[in-house]
Structures are given as structure tokens and as C-alpha cells.
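Structure, as C-alpha cells:
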Amino acid sequence: MGSKKSMAMIIAIVAGILLIISGISGMATWETIKNYVINNVTDNEIVQIVFAILIFIASLGGLSVIVGGLLIGKNKIGLGKLFITLGAGLGIIGLIFSIIVAFTEDSLTLGSFFSIGMLGLILSIVARILAKKEKGT
Numbered sequence: 001m002g003s004k005k006s007m008a009m010i011i012a013i014v015a016g017i018l019l020i021i022s023g024i025s026g027m028a029t030w031e032t033i034k035n036y037v038i039n040n041v042t043d044n045e046i047v048q049i050v051f052a053i054l055i056f057i058a059s060l061g062g063l064s065v066i067v068g069g070l071l072i073g074k075n076k077i078g079l080g081k082l083f084i085t086l087g088a089g090l091g092i093i094g095l096i097f098s099i100i101v102a103f104t105e106d107s108l109t110l111g112s113f114f115s116i117g118m119l120g121l122i123l124s125i126v127a128r129i130l131a132k133k134e135k136g137t
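The numbering used here puts the first residue of the sequence shown at 1, with every later residue one more than the last.
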């Protein structure tokens, strides 16, 4: 296993543990996306089933991120990255949004971003970025 993949796996496992401790999951994010798609794009049985699966995986939160890390370790990079994305609840969007809100309310401090959950989200994003297929695999 390449050093970047093993590093991504370890970081994802640590991120997952932090997300479990903090209670953060991606369920609400995917529920919001589902409602938008059903109300504005299409509403059929297949869409409902796909979102039910996505929401189930996302509801596992940190556990999904850990599974994603283990999948990366097993060279299932794409699937591992998907599990990390689902489990973290599109954390990068939430992170950016919280920075924007704090900035507009003049309450942007470095300390406001040092929570266990935020650290778990940041680490899950780092793990996902590090997880790249190596040439020849």
C-alpha cells in the first residue's frame, strides 16, 4: 500500500472516531438534498431508493468515514472516498458556510473552529484529498 493511501486510511479512521465522539453525521445534509431533488427535479421510486441508501450510510456518520478509510486501505479508492463524503455530510460545505457566517457576524475567531467535530470534518476532507489512485493500480 502506498504511503499516501495508508496515510489517508489512518487519517480517515481518526476523523471517523472524532465524528463519532462529537455526534456529527451527514444525514441532515443528504435529507435536505433529497427534498430539493424531489421538489425541484424529479420524484420517482428510483430516486427515493437511492436517497434512502445515501441517507442510511450518511446517518452512520463517523462509522461511514472509518469504513471509507478501510476501503481506501483495500484499494477501493472511489468507494472509500464516497463513504467519507457521505459520512462527513459534505463537511467542506458546512465548514465554508460556518466560516462565512462567523465572518459576516464579526465573530470569526480561530478558537471557534477547534471543536472535536470540526477537527473530524477537516481530517475527513484531508483523507479524501490524499486518497488518490496510484499509477499502475
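No residue lacks a Cβ here, since even glycine has one placed at the ideal position from N, Cα and C.
Judged by beta-carbon spacing, G78 lies beyond the 9 Å limit of V67, meaning their Cβ atoms are not closer than that value. Note on F103: under 16 other CB atoms within 10 angstroms of its CB, so exposed under the neighbour-count rule. Judged by DSSP secondary structure, K81 falls within the alpha helix (DSSP H) whose first and last residues are I77 to A88. Secondary structure of A131 (DSSP, three-state): coil. Using a Cβ distance threshold of 9 Å, I84 and S124 count as a contacting pair. Distance check between K5 and each of A88, N35 and G73 places G73 closest, using alpha-carbon atoms only. A52 counts as exposed, since fewer than 16 other C-beta atoms from the protein chains shown sit within 10 angstroms of its C-beta. Its chain contains A8, I11, A12, A15, G69 and I84 as the residues whose beta carbon lies nearer than 7 Å to that of A127, once the 5 sequence neighbours on both sides are disregarded; these appear in chain order. When DSSP states are grouped into helix, strand and coil, S59 belongs to the helix group.
For K4, the enclosing alpha helix (DSSP H) starts and ends at S3 to S22.
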